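K.L.:
Below is a structure I'd like to ask you about.
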Amino acid sequence: MILVAEDDESLNELICLKLKNEGFNAKGVFNAQEAIEILQTKRINLLITDIMMPGINGHDLAKQVKMIDENLPILMITAKSEFSDMQTGFLSGADDYMSKPLNFKEMILRINALLRRAKIANSRQITLKSTKLDYDNLRLSIQNSEVTLTPKEFYTLFLLLKNEGKIFTRFEIMQEIWGFDSQSDERVVDTHIKKIRAKVKHADDFEIVTIRTLGYKAKIL
Numbered sequence: 001m002i003l004v005a006e007d008d009e010s011l012n013e014l015i016c017l018k019l020k021n022e023g024f025n026a027k028g029v030f031n032a033q034e035a036i037e038i039l040q041t042k043r044i045n046l047l048i049t050d051i052m053m054p055g056i057n058g059h060d061l062a063k064q065v066k067m068i069d070e071n072l073p074i075l076m077i078t079a080k081s082e083f084s085d086m087q088t089g090f091l092s093g094a095d096d097y098m099s100k101p102l103n104f105k106e107m108i109l110r111i112n113a114l115l116r117r118a119k120i121a122n123s124r125q126i127t128l129k130s131t132k133l134d135y136d137n138l139r140l141s142i143q144n145s146e147v148t149l150t151p152k153e154f155y156t157l158f159l160l161l162k163n164e165g166k167i168f169t170r171f172e173i174m175q176e177i178w179g180f181d182s183q184s185d186e187r188v189v190d191t192h193i194k195k196i197r198a199k200v201k202h203a204d205d206f207e208i209v210t211i212r213t214l215g216y217k218a219k220i221l
């Protein structure tokens, strides 16, 4: 279930409608206290929260939510777009940030990316025949030897292996690893894949496959 905390009733209803049209189960509340009560009793997969709400604001709600479930993804929405507001949102626990007026197609893209990222993060380890990845410690070992990857290299490899067989476009990898608002060129993904391949060339239980004109996928051997 996606929980929507937004005190503007019309916008709340519209967000929930858009989510339901995309196949999500959505529940709208109009203040932070209602959101906290639901979070304490029901399984929530993602929280969308406005910042300016009566009583507890979105920043304080995010802090309380992370104390209840530190892994729950939070998408914060606000009428403000200054960098300082965005920074405050991320520091309070938000995982992503959107400014009003909302682009609903973009919102769905961001939600799907957050849910995939949360699913991967909750699956903390991958173990193949001779390869082990430990997400919490960013540790990769191949044939009992530790391989040093940068964080982005590790996250990219983890993403591909966790979704073995799924083709990821460069844009999707950029979304997942660099973030939706990254200013980097998509070709930076090619550079990272090249470096990963060089570091894991002795692995005999998986390979990273290039899908011409599209992107990449992992194949477990």
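Using UniProt numbering, read the sequence shown as starting at 1 and increasing by one per residue. Built from N, CA and C at the ideal position, the CB exists for glycine as well. Everything numeric in this text was worked out from a predicted model, so none of it was measured.
Taking the alpha-carbon positions, what's the residue 152 to residue 179 distance?
P.N.:
If you take the alpha carbons of residue 152 and residue 179, they lie about 11 Å apart.
K.L.:
Might you give, ordered along the chain, the residues of its own chain that have their beta carbon closer than 8 Å to the beta carbon of residue 57, omitting 5 neighbours on each side?
P.N.:
For residue 57, where only same-chain residues beyond five positions count, the Cβ hits under 8 Å are 32 and 51.
K.L.:
How many angstroms separate the CA atom of residue 132 from the CA atom of residue 42?
P.N.:
Roughly 34 Å between the two C-alpha positions.
K.L.:
So, is residue 73 buried or exposed, given that buried needs 16 or more other C-beta atoms within 10 angstroms?
P.N.:
Flag for residue 73 reads buried.
K.L.:
Tell me whether residue 206 sits in a helix, a strand or coil according to DSSP, three-state version.
P.N.:
In this structure, residue 206 counts as strand in the three-state DSSP scheme.
K.L.:
How many angstroms separate the CA atom of residue 62 from the CA atom of residue 93?
P.N.:
Cα to Cα, residue 62 sits roughly 5 Å from residue 93.
K.L.:
Quick one: Cα of residue 122 to Cα of residue 24, how far?
P.N.:
Looking at the two C-alpha atoms, the distance is approximately 20 Å.
K.L.:
Only counting the same chain, and skipping five residues up and downstream in sequence, which positions put a Cβ closer than 8 Å to that of residue 169?
P.N.:
Correct list, in chain order: 214 and 215.
K.L.:
At which residues does the beta strand (DSSP E) containing residue 147 begin and terminate?
P.N.:
Segment 145-147, the beta strand (DSSP E) holding residue 147.
K.L.:
Buried or exposed: which applies to residue 124, given that a residue is buried once 16 or more other Cβ atoms fall within 10 Å of its Cβ?
P.N.:
The residue in question, residue 124, is exposed, as its Cβ has fewer than 16 Cβ neighbours within 10 Å.
K.L.:
For residue 55, count neighbouring Cβ atoms within 10 angstroms of its own Cβ and tell me buried if that reaches 16, exposed if not.
P.N.:
Exposed, by the Cβ-count rule.
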